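Chains as they are written, first to last, in my numbering: chain D, 1 to 134; chain U, 1 to 318.
For each residue, glycine too, the CB sits at the ideal point set by N, CA and C.
Just so you know, these numbers come straight off a predicted model, no measurement behind them.
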Amino acid sequence: MPERKIRVMVAKPGLDGHDRGARVLARCFRDAGFEVIYTGCHQTPEQIVAAAIQEDVDLVGLSCLSGAHRKLFPRVVELLREKDAGDINVIGGGIIPEQDFAALYDAGIKAIFTPGAPLDSIVEWINTNIKPRA
Amino acid sequence: METVKKICGGDIRTASRLIRDIEDKIPAAKSSIKKLFPHTGKSYIIGITGAPGAGKSTITDGLIAELRKKNKTIGVLAIDPTSPFSGGAILGDRIRMQRHAEDEAVFVRSLATRGSLGGLSQAVGEAIHVLEAMGKDIILIETVGIGQQEIDIINHAHSVIVVLVPGMGDEVQTMKAGLMEIADVFAINKADRAGAKQLHTELMAMLNTATPAEGYWRPPVVMIGNIYEALSFEGRIAELVQKIEEHYQYLLDSGRLAERINRKAAVEINDALKAAILEPVMNTLRESGELAAMTEKVKNRQADPHSLAEEVAQRFLK
């Protein structure tokens, strides 16, 4: 029987080794029935995009706690579009000041989750907004 | 057909999408797979198997680097387990391989087991075909972390590397059937740790007790030490590649390659028969509710499973 599963990549771009949050989310996504590709820390946007395409994910979740999100998150979206993979959605999380939200949304980040966001709310957002591709 | 043309041209996106369709059992994938078939069967396939945490991904990453030096193009299928409870999975093998992410000659795809028990995913055979059609010279298949018996990898790989680590039990473990029998090359990983020499000795003793039939291949044993001692690690991986090449030469010279290819073809036809015969029947029974009714009957001891199955067979297999 055909069965589409949601595939999510959890990635940490840039020089930030604080991956507890990313790991908690990866585990939470696993328990929500998603297939989670975890790439570990210290990834360039180019590595993340190449992996996302090879893995045919529906969603890339970026985690950044270093303050470089304004540069790194939009770059991932930009590269996906360049590679004709703009249909892969990108969300972000980490230490992201509220005043940066607008710029990130403008750059094509679909949602932002900061510390304190209940795990259920993130899973619910994905289940509502991300449909595995046809 | 567009998909086939693109995949044969090496298009990564199209290939990764078809692999997903195969995993998800999307009916439309079948026509692409059929058309790809004439373009398959050309890659050398190497299996890497062993216990969880033994270092399969790290060794796979080392093999990619070493084989790239020889200008080989590479496809990797890395398998991790699916949760029996949620159906989700953490696919974490490529963490170790991300340095190759931007190398267009290397295609790495993670697969979840989705209920398969043999150490692979049901989709692996056809995913191999996709990578072959892409023109990959070498395909590395990293199994899920396994125990003693999950050895389906022998149905797909030409050469199998069994990765062992010290501290996993006494020498009787090396004598047991299953995993220890399928190695074409043994790698003792974490060989800088206590117990590695003893494991080496035990492995040698086990290999010495084999009664060599004609044309017997004695699996070589490669010790691989600390990855952080980069030069010696690379040297050991180079040795591992050399042993795989020797094994390949042996398969050619002894005619055993044909045996392995036969075995693979037999498995492929077996899987295809199941997909064509068993799955539609199961789907029909499931959709009509008959399967649930049968389960109920067996549960209440009103009928036995064999009689029910025979009745179904008589109805469908005319």
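Residue i, enclosing alpha helix (DSSP H) - first and last residue
| i | result |
| --- | --- |
| residue 159/U | Element bounds for residue 159/U: not the alpha helix (DSSP H) but the beta strand (DSSP E), 159 to 164. |
| residue 223/U | Taken as a continuous stretch (DSSP letters only), residue 223/U belongs to no alpha helix (DSSP H), being part of the beta strand (DSSP E) at 221 to 223. |
| residue 132/U | 124 to 133 |
| residue 19/U | 12 to 23 |
| residue 144/U | Element bounds for residue 144/U: n/a, residue is neither H nor E. |
| residue 7/D | It is not in any alpha helix (DSSP H) - residue 7/D instead sits in the beta strand (DSSP E) that spans 7 to 11. |
| residue 58/U | 56 to 69 |
| residue 21/D | 20 to 31 |
| residue 127/D | 119 to 129 |
| residue 82/D | 69 to 82 |
| residue 206/U | 196 to 208 |
| residue 309/U | 305 to 316 |
Residue range of the beta strand (DSSP E) that includes residue i
| i | result |
| --- | --- |
| residue 185/U | 185 to 188 |
| residue 35/D | 35 to 38 |
| residue 110/U | 106 to 112 |
| residue 45/U | 44 to 50 |
| residue 80/U | 74 to 80 |
| residue 89/D | 89 to 94 |
| residue 64/D | 59 to 64 |
| residue 89/U | 89 to 91 |
Chain D residues whose Cβ lies nearer than 8 angstroms to that of residue i
| i | result |
| --- | --- |
| residue 98/U | 39, 40, 43, 47, 51 |
| residue 27/U | 2 |
| residue 16/U | 53, 54, 55, 56 |
| residue 95/U | 38, 39, 40 |
| residue 283/U | 1 |
Whole-number beta carbon distance between residue j and residue i, since they are thought to touch under 8 angstroms
| i | j | result |
| --- | --- | --- |
| residue 126/U | residue 33/U | 5 angstroms |
| residue 108/U | residue 96/U | Residue 108/U to residue 96/U, Cβ: 10 angstroms. No contact. |
| residue 76/D | residue 57/D | Residue 76/D to residue 57/D, Cβ: 12 angstroms. No contact. |
| residue 92/D | residue 104/D | 6 angstroms |
| residue 151/U | residue 118/U | 7 angstroms |
| residue 45/U | residue 142/U | Contact flag wrong, Cβ pair sits at about 12 angstroms. |
| residue 16/U | residue 55/D | 7 angstroms |
| residue 233/U | residue 224/U | 7 angstroms |
| residue 19/U | residue 123/U | 7 angstroms |
| residue 75/U | residue 120/U | Contact doesn't hold; Cβ gap of about 15 angstroms is too wide. |
| residue 62/D | residue 16/D | Not quite, the Cβ-Cβ distance comes to about 10 angstroms (not below 8 angstroms), so this is no contact. |
Local Cβ density within 10 Å of residue i, reported as buried at 16 or more and exposed below that
| i | result |
| --- | --- |
| residue 21/U | buried |
| residue 149/U | exposed |
| residue 189/U | buried |
| residue 89/U | buried |
| residue 14/U | buried |
| residue 2/D | exposed |
| residue 261/U | exposed |
| residue 28/U | exposed |
| residue 198/U | exposed |
| residue 98/D | exposed |
| residue 314/U | exposed |
| residue 38/D | buried |
| residue 135/D | Not covered by the structure: residue 135/D. The range shown for chain D is 1 to 134. |
| residue 116/U | buried |
| residue 134/U | buried |
| residue 121/D | exposed |
| residue 183/U | buried |
| residue 52/U | exposed |
| residue 4/U | buried |
| residue 259/U | exposed |
| residue 52/D | buried |
| residue 85/U | exposed |
| residue 263/U | exposed |
| residue 136/U | buried |
Chain U residues whose Cβ lies nearer than 8 angstroms to that of residue i
| i | result |
| --- | --- |
| residue 36/D | 88, 89, 90, 91 |
| residue 22/D | Within 8 angstroms Cβ-Cβ: nothing; residue 22/D doesn't reach chain U, min ~11 angstroms. |
| residue 84/D | 13 |
Proximal chain U residues relative to residue i, where beta-carbon distance stays under 7 angstroms
| i | result |
| --- | --- |
| residue 30/D | 83, 86, 88, 89, 90 |
| residue 33/D | 86, 87, 88 |
| residue 12/D | The contacting residues do not exist; residue 12/D stays about 11 angstroms from chain U at best. |
| residue 26/D | 90 |
Partner residues on chain D for residue i, Cβ-Cβ distance less than 7 angstroms
| i | result |
| --- | --- |
| residue 107/U | 54 |
| residue 182/U | Result: empty, since nearest Cβ-Cβ is about 28 angstroms, beyond 7 angstroms. |
| residue 68/U | Neighbours of residue 68/U on chain D: none; closest Cβ ~15 angstroms, over 7 angstroms. |
| residue 110/U | 37, 55 |
Chain-ordered neighbours of residue i on chain U, where CB pairs are closer than 9 angstroms
| i | result |
| --- | --- |
| residue 131/D | In chain order: nothing, as chain U lies at least about 13 angstroms away. |
| residue 71/D | Per Cβ cutoff of 9 angstroms: no residues; residue 71/D is ~19 angstroms from chain U at best. |
| residue 110/D | Simply none; closest approach about 20 angstroms. |
Proximal residues of chain D, C-beta to C-beta of residue i below 9 angstroms
| i | result |
| --- | --- |
| residue 32/U | Those within 9 angstroms of residue 32/U in chain D number zero; the least Cβ separation is about 14 angstroms. |
| residue 101/U | 39, 43, 44, 46, 47, 48, 49, 50, 51, 54 |
| residue 19/U | 56 |
Cβ of residue i within 9 angstroms of any chain C Cβ
| i | result |
| --- | --- |
| residue 24/U | Among the chains of the structure shown, chain C does not appear; the protein chains present are D and U. |
3 or more residues per run - each beta strand (DSSP E) lying fully within the stretch 217 to 299 of chain U
221 to 223
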